[in-house]
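To start, the structure itself, in structure tokens.
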Amino acid sequence: MHLFDQAILLSEYVISFLSSSAAVCTLPVPFSDVKGTCILLKDCPGFKTPGFCAGPSDIQCCTDSFAPKSGPSTGDIGDLGLRLVKSFEAWKPEFYCDISGRPPSSPRHCGPGEGILTIGWGHACIPESSCDSISSPLSKTDGDALLRDDLQVKVNCVLVGITVELTQNQFDALVSFAYNTGCGSLAIVAQILNKGDVAGATSKMKEYTKSGGTVLPGLVKRRAIEVNLFTS
Numbered sequence: 023m024h025l026f027d028q029a030i031l032l033s034e035y036v037i038s039f040l041s042s043s044a045a046v047c048t049l050p051v052p053f054s055d056v057k058g059t060c061i062l063l064k065d066c067p068g069f070k071t072p073g074f075c076a077g078p079s080d081i082q083c084c085t086d087s088f089a090p091k092s093g094p095s096t097g098d099i100g101d102l103g104l105r106l107v108k109s110f111e112a113w114k115p116e117f118y119c120d121i122s123g124r125p126p127s128s129p130r131h132c133g134p135g136e137g138i139l140t141i142g143w144g145h146a147c148i149p150e151s152s153c154d155s156i157s158s159p160l161s162k163t164d165g166d167a168l169l170r171d172d173l174q175v176k177v178n179c180v181l182v183g184i185t186v187e188l189t190q191n192q193f194d195a196l197v198s199f200a201y202n203t204g205c206g207s208l209a210i211v212a213q214i215l216n217k218g219d220v221a222g223a224t225s226k227m228k229e230y231t232k233s234g235g236t237v238l239p240g241l242v243k244r245r246a247i248e249v250n251l252f253t254s
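Taken in order, the sequence shown gives residues 23 to 254; the numbers are from the working numbering.
Structural data, given as structure tokens:
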């Protein structure tokens with residue numbers, strides 16, 4: 023048997039083993055009470071979430087449910103949406119540069135290639151002088167207030183851009199999406215969603231997984247979770 027054929031057989035064996043073992047997977051906060059099994063995508067009849075299972079990319083966490091069904095949107099981000107955003111945004115009370123992940127090379131200024139000056143729950147200092155009044159280290163109370171202000175901008179984008187009725191889960195998912203990708207990206211999704219094409223809109227959301235032209239596993243995971251929440 024050729025080495026190439028042996029490699030194919032080994033790969034098929036590994037996939038078969040991982041699928042049959044059906045390892046238990048647990049989704050993160052705010053979905054930590056949702057448990058599933060690690061199986062092949064083609065064998066999952068429910069919600070599929072990448073990034074929580076060992077093995078090839080076509081083995082994902084399969085769950086029967088994802089989030090409790092919600093009623094009509096209140097027109098504001100809900101508690102679940104707020105916890106979702108916080109679960110993606112690492113809390114950092116000190117200023118840092120979002121690309122390097124390190125403190126700025128000079129006080130409150132990120133140089134070329136370091137990224138945007140950031141603090142708290144991913145609050146971007148644009149321009150940098152807009153954060154002159156922020157004390158560092160930032161308290162959780164002040165950080166939560168900053169996040170609320172930042173989210174309100176994205177809430178307004180959803181309110182203005184989406185003309186179809188939304189559930190609270192859908193509203194929260196779109197606010198999280200806009201917070202991460204911007205209102206411009208939301209507007210592109212809105213053009214599809216406003217035509218009643220839910221499948222097309224969620225498919226478009228899943229395309230926003232790159233940073234600097236490179237697909238990031240963290241963004242793949244975030245988009246999948248947002249889409250799962252949207253369709254719950």
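Idealized CB from N, CA, C, for every residue including glycine.
Boundaries of the alpha helix (DSSP H) in which residue i is found, first to last residue
i, result
"residue 239", "239 to 252"
"residue 215", "205 to 215"
"residue 222", "220 to 227"
Rounded C-alpha distance that separates residue i from residue j
i, j, result
"residue 110", "residue 240", "9 Å"
"residue 157", "residue 117", "10 Å"
"residue 214", "residue 58", "31 Å"
"residue 76", "residue 49", "14 Å"
"residue 197", "residue 173", "7 Å"
"residue 82", "residue 131", "40 Å"
"residue 171", "residue 123", "23 Å"
"residue 270", "residue 232", "Residue 270 lies beyond the range of the chain shown here (23 to 254); nothing can be said about it."
"residue 203", "residue 244", "11 Å"
"residue 252", "residue 125", "35 Å"
"residue 155", "residue 188", "37 Å"
"residue 145", "residue 177", "16 Å"
"residue 220", "residue 129", "46 Å"
"residue 149", "residue 222", "35 Å"
"residue 112", "residue 169", "12 Å"
"residue 133", "residue 175", "27 Å"
Own chain residues within Cβ distance below 6 Å of residue i, not counting five before or after
i, result
"residue 246", "71 and 72"
"residue 100", "190 and 194"
"residue 33", "Any reading at residue 33 must be qualified, since the residue scores a pLDDT of 44, below 50, and its modelled position is unreliable; no value is offered."
"residue 184", "212"
"residue 45", "60"
"residue 218", "none"
"residue 105", "52"
"residue 163", "none"
Terminal residues of the beta strand (DSSP E) in which residue i lies
i, result
"residue 66", "Note, residue 66: premise wrong, no beta strand (DSSP E); not H, not E."
"residue 48", "46 to 48"
"residue 75", "Neither: residue 75 is in no beta strand (DSSP E) and is coded neither H nor E."
"residue 85", "81 to 85"
CB-CB length for residue i against residue j, believed under 8 Å
i, j, result
"residue 201", "residue 56", "22 Å between Cβ atoms; not a contact."
"residue 147", "residue 160", "Contact doesn't hold; Cβ gap of about 12 Å is too wide."
"residue 242", "residue 227", "Wrong, their Cβ atoms sit about 12 Å apart, outside the cutoff."
"residue 186", "residue 216", "6 Å"
"residue 66", "residue 47", "That belief does not hold up - the Cβ atoms of residue 66 and residue 47 are roughly 11 Å apart, past 8 Å."
"residue 120", "residue 135", "Not a contact, Cβ separation roughly 12 Å."
"residue 95", "residue 192", "7 Å"
Nonlocal neighbours in the same chain, by C-beta distance under 7 Å from residue i, ignoring five residues either side
i, result
"residue 179", "200, 205 and 208"
"residue 250", "69, 71 and 88"
"residue 102", "52, 89 and 194"
"residue 98", "177"
"residue 224", "249, 252 and 253"
Distance cut-off 7 Å: residue i Cβ against heavy atoms of the ligand GTP
i, result
"residue 81", "The model on display carries no ligand, and the ligand GTP is accordingly not part of it."
8 Å Cβ shell around residue i - same chain, five flanking residues per side excluded
i, result
"residue 114", "140, 141 and 142"
"residue 93", "189 and 190"
Any chance you could list the beta strand (DSSP E) runs of at least 3 consecutive residues sitting entirely within the segment 105 to 175, in chain order? Listed in chain order, they are 114 to 119 and 139 to 142.
Residue ranges of each beta strand (DSSP E) run of no fewer than 3 residues wholly in the segment 176 to 206, ordered along the chain? Runs found: none.
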